[in-house]
Amino acid sequence: MNPETSIKTPKPISLRLTKKERAALERAAQGMTLSAYIRACIFADGEAKRKTKTRMPVKDHEALARALGLLGQSRIANNLNQLARHANSGSLAVDETTVEKLEESYAHVIALRDQLVAALGLLEEKAR
1 MNPETSIKTP KPISLRLTKK ERAALERAAQ GMTLSAYIRA CIFADGEAKR KTKTRMPVKD
61 HEALARALGL LGQSRIANNL NQLARHANSG SLAVDETTVE KLEESYAHVI ALRDQLVAAL
121 GLLEEKAR
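For the sequence shown, this note's numbering begins at 1 and goes up steadily by one.
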């Protein structure tokens, strides 16, 4: 058996860089993983193309921080878990208070989703 064809995973290569060199490499990669960027530079003629996951850069760190802050402030996970538990046991009484809490939880989820989408630059953030 040919040793080159029997290897299931590629062997890693280690490279030491100064902080300045690494920063320059990351800037040149423009959001690509460093492995993918280096591979593209070395094999520019298409010799060794591989599918890689691309890193999704955060467009707005402040928006991401706000979204994570909303998540931390709300007790949404706990509240939704309690509602699900009561619904599954058949003991969920749907009254005005329950409807209000469900609507409040829904509003928190939507706000959190909007903040995360904006922070990741997937859509423009709605007017605040």
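Ideal Cβ placement from N, Cα and C applies to all residues, glycine included.
C-alpha distance - residue i paired with residue j, whole-angstrom precision
| i | j | result |
| --- | --- | --- |
| H74 | L25 | Checking the displayed sequence, the identity of residue 74 turns out to be Ser instead of His. Going from the Cα of S74 to the Cα of L25 covers about 40 Å. |
| E21 | K101 | 53 Å |
| N78 | A84 | 10 Å |
| F43 | T18 | 24 Å |
| D45 | R39 | 11 Å |
C-beta neighbour in chain D for residue i, strict 9 Å
| i | result |
| --- | --- |
| T33 | Of the chains in the structure shown, none is chain D; there is only one protein chain. |
Which of helix, strand or coil DSSP assigns to residue i
| i | result |
| --- | --- |
| R27 | helix |
| R116 | Reading the sequence as shown, one finds Leu at residue 116 and not Arg. In the structure shown, L116 sits in a helix (DSSP, three-state: H, G or I). |
| R22 | helix |
> What are the complete alpha helix (DSSP H) segments, minimum 4 residues, inside the stretch 31-109?
Replying inline: Taken in chain order, the complete alpha helix (DSSP H) segments of 4 residues or longer contained in the stretch 31-109 are 34-42, 61-73 and 76-89.
> Do the stretch 66-85 and the stretch 96-111 meet, that is, are 3 or more Cβ pairs less than 8 Å apart?
Replying inline: yes
> Are three or more beta carbon pairs between the stretch 84-95 and the stretch 109-116 nearer than 8 Å?
Replying inline: no
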